[in-house]
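Asks: Please find one structure pasted underneath; my questions will follow.
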Amino acid sequence: MIKDLWYKNAVVYCLSVETFMDSNGDGCGDFEGLTRRLDYLHGLGVTTIWLMPFQTSPGRDDGYDVSDYYNVDARYGTLGDFVEFTHAAQQRGMRVLIDLVVNHTSDQHPWFQAARKDRDSPYRDWYVWADKKPANAGEGMVFPGVQKSTWSFDKVAKRWYFHRFYDFQPDLNTSHPRVQAEILKIMGFWTQLGVSGFRMDAVPFVISTKGADVTRPVPQYDMLREFRELLQWRQGQAIILGEANVQPRTNMQYFGDEGERIHMMFNFHVNQHLFYALASGDSRPLAKALEATRPRPATSQWGLFLRNHDELDLGRLTSAQRERVFAAFAPDKDMQLYDRGIRRRLAPMLGSDRRRLELAYSLLLTLPGTPVLRYGDEIGMGDDLSLPERNCSRTPMQWSTEPHGGFTAAEKPVRPVISGGAYGFEHVNVAAQRRDPDSLLNWTERALRMRQEIPEVSWGDFEMLPQPCQSVLVMSYAWRNNVVLFVHNLVADPLEIELAASAIGAGGEQLTNLLSEDHSEAGANGRHCILLEPYGYRWFRVGGLDYLLKRSDV
Ligand code: MG
């Protein structure tokens with residue numbers, strides 16, 4: 006049954022408990038606050054919530070430095086509050102994914118503390134050590150420009166330890182059987198508490214060989230099959246969504262030839278070329294990126310996104326392409342990060358131009374995959390570039406015009422709420438946009454509702470319809486005798502395009518607009534003539550208005 010593969014046609018919404026809603030007035034978001042906002046998310050059309058790390062942590066890398074995998078950080082509540090939350094989500098038919106950060110732990114984790122203090126500790130081999138500083142210590146940093154090395158000297162152990170990320174995040178020795186067994190135990194624990202799967206952090210590093218003598222890390226792909234097997238045995242519907250920013254040619258290694266490894270991966274390749282398309286108005290590199298990431302097993306799925314909680318990594322573009330995106334969306338050095346990306350939120354990058362925001366969202370919802378939204382983007386939240394590194398786009402959710410945007414009743418929130426200026430909570434907030442039928446929030450809700458009714462995008466095969474104009478992207482999806490067609494104009498000029506009904510396929514003479522009354526019928530010459538406004542887009546179903554009666558897919 007296609008509905009069983011729920012992740013193929015989901016709407017994922019990613020948020021941090023810390024910055025979403027504070028219920029107890031201590032300035033920090035918590036599970037009780039999030040639970041009170043579930044109806045908001047449900048009403049928006051979200052089917053799956055992805056939570057950033059909320060486990061016990063010193064919080065030096067926004068929770069990506071875990072010190073207890075089996076608990077909720079006390080600032081966010083208790084395990085009891087967590088279960089109340091997953092239960093409340095289930096009551097509304099929503100699923101919960103959580104971050105699984107097992108490439109490394111916090112240096113405060115009891116495993117690392119035991120490992121450094123005692124050479125004979127069973128935890129010693131859970132980390133990666135060297136007696137001398139390895140020659141490649143200056144290579145492979147995840148945060149270049151901020152992080153100096155991948156090996157640091159530990160004064161207690163009197164040895165060097167490996168850390169792909171910051172020095173307070175020692176890498177777990179993930180090839181150790183006991184470490185692997187512990188990862189499975191962590192997954193089993195949280196599925197028992199009601200989660201439907203994991204967004205696995207830094208997958209290529211998790212599965213890589215690690216050590217002082219490793220000059221070229223070798224990925225151990227079959228670890229992914231073992232993770233998946235345990236998950237499916239414990240809970241058939243649970244999934245793994247991998248964060249793996251890799252070359253398209255290795256994608257199938259992550260999915261597995263028969264789809265036996267991870268269920269979903271974020272499509273970083275398309276993400277970067279999508280931003281290049283928005284910056285340059287040229288659809289061709291995006292079309293190429295879509296082709297390059299076309300192969301995947303039938304049960305696998307792409308996670309598509311615009312912005313996430315990290316920088317917009319542009320490392321897979323050519324340097325000329327990257328400069329073009331920087332020039333368009335992050336001209337100041339301060340808007341860029343780690344020599345490869347942009348740390349801003351979506352709305353400020355697009356100058357809060359409603360036409361461009363809709364265009365970007367329309368692409369997100371109609372390119373092949375499952376859309377993953379970021380909290381606050383549905384109301385066009387901005388960023389605070391005075392905050393360090395990636396924190397600039399991790400500010401609290403803006404709910405209303407109340408103090409601190411209604412996020413907290415405390416004097417001092419965990420992170421400042423954006424206030425004043427075009428993106429301040431006084432102007433940009435949920436309450437105001439709820440009341441305005443033409444708001445971005447209400448547009449997003451309508452678009453998500455329609456996207457849920459177009460399973461062709463999730464299940465069907467796409468086809469590019471060639472266009473003489475390179476600023477236009479025309480794609481169709483066919484699935485179970487239904488065809489949908491999407492047209493996007495990437496530039497600020499109005500454009501007229503012609504489409505031969507015969508190129509669209511059977512029934513191609515009539516195109517039913519899914520978002521407005523602006524339908525299209527082919528002329529006597531058998532061609533559609535479609536006038537696209539600046540940054541305009543169209544969602545068409547091929548055939549007449551009676552298409553709903555003909556549907557038999559669900
Ligand atoms: Mg609180």
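Residue 273 in this note's numbering sits at position 268 of the sequence shown; the count goes up by one each step and never skips.
The beta-carbon is built from N, C-alpha and C at its ideal position, and this holds for glycine as well.
1) Anyone know if the C-beta pair for residue 426 and residue 387 falls short of 9 Å?
2) Cβ of residue 74 within 9 Å of Cβ of residue 244?
3) Could you check whether residue 232 and residue 280 sit closer than 9 Å to each other, using their CB atoms as the reference points?
4) Please look up how many angstroms separate the CB atoms of residue 277 and residue 246, rounded, as I've assumed it's under 8 Å.
5) Taking a contact to mean a Cβ-Cβ separation below 9 Å, would you say residue 363 touches residue 542 in this structure?
6) Assuming residue 71 and residue 111 make a contact with CB atoms under 8 Å, what is their CB distance in whole Å?
7) Would the beta-carbon of residue 500 fall within 9 Å of that of residue 476?
8) Quick one, are the C-beta atoms of residue 86 and residue 24 less than 9 Å apart?
9) Does the beta-carbon of residue 493 have 16 or more other beta-carbons within 10 angstroms, so that it is buried, or is it exposed?
10) Out of 212, 267, 22 and 486, which has the shortest C-alpha to C-alpha gap to residue 202?
11) Helix, strand or coil for residue 149? Go by DSSP, reduced to three states.
12) My output table needs one value for residue 559: the three-state DSSP class, helix, strand or coil.
13) Is it true that the CB of residue 342 sits closer than 9 Å to the CB of residue 394?
14) How about residue 86: is its Cβ closer than 8 Å to a heavy atom in the ligand FAD?
15) Name the residue from 237, 200 and 256 whose alpha carbon lies nearest to the alpha carbon of residue 224.
16) Terminal residues of the continuous alpha helix (DSSP H) containing residue 449?
17) I need the straight-line Cα distance from residue 365 to residue 533, nearest angstrom please.
18) Residue 428 bridges to which residues according to DSSP?
19) Could you compute how far the alpha carbon of residue 108 sits from the alpha carbon of residue 132?
20) Would you say the beta carbon of residue 80 comes nearer than 8 Å to a heavy atom of the ligand MG?
21) Measuring straight from C-alpha to C-alpha, what distance separates residue 549 and residue 42?
22) Please determine, among 377, 407 and 312, the residue with the shortest C-alpha to C-alpha distance to residue 453.
23) Does DSSP put residue 156 in a helix, a strand or coil?
24) Just mark residue 84 as buried or exposed, buried being the case when its beta carbon has 16 or more other beta carbons within 10 Å.
25) Between the C-alpha atoms of residue 416 and residue 93, what's the straight-line distance to the nearest angstrom?
26) Which residues have their C-beta within less than 5 Å of a heavy atom of the ligand MG, listed in chain order?
27) For residue 405, name the three-state secondary structure that DSSP assigns.
28) For residue 329, which option in 289, 282, 294 and 302 has the closest C-alpha, if you only look at C-alpha atoms?
29) Below 6 Å CB to CB, which residues in the same chain sit around residue 559 once its five sequence neighbours on both sides are set aside?
30) Helix or strand or just coil, what does DSSP make of residue 540?
31) Among residues of its own chain, excluding the 5 on either side of residue 81, which ones have a beta-carbon nearer than 6 Å to its beta-carbon?
32) By DSSP's criteria, residue 483 is part of a beta bridge. Which residues make up the other side?
33) I'd like to confirm the pairing. Which residues does DSSP put opposite residue 271 in its beta bridges?
34) DSSP beta-bridge partners for residue 517?
35) Using the Cα positions of residue 318 and residue 238, report the straight-line distance between them to the nearest angstrom.
36) Please report how far the alpha carbon of residue 531 lies from the alpha carbon of residue 514, in whole angstroms.
Replies: On the basis of the supplied data:
1) yes
2) no
3) no
4) So it is not a contact: roughly 19 Å between Cβ atoms.
5) yes
6) 6 Å
7) yes
8) no
9) buried
10) 267
11) strand
12) The pLDDT assigned to residue 559 is 48, lower than 50, so where the model puts this residue is not dependable; a value taken from the coordinates is nonetheless given after this. Of the three classes helix, strand and coil, the one that applies to residue 559 here is coil, per DSSP.
13) yes
14) In the structure on display, the ligand FAD does not appear, and the ligands it does have are the ligand MG.
15) 256
16) 445-457
17) 24 Å
18) DSSP, once it has assigned bridges, lists no residue as partnering residue 428.
19) 10 Å
20) yes
21) 39 Å
22) 377
23) strand
24) exposed
25) 29 Å
26) 27, 29, 31, 33 and 35
27) coil
28) 282
29) The predicted position of residue 559 is uncertain, since its pLDDT is 48 and thus under 50; no value can be drawn from it.
30) coil
31) 22, 35, 36 and 59
32) 466 and 488
33) 308
34) 546
35) 35 Å
36) 7 Å
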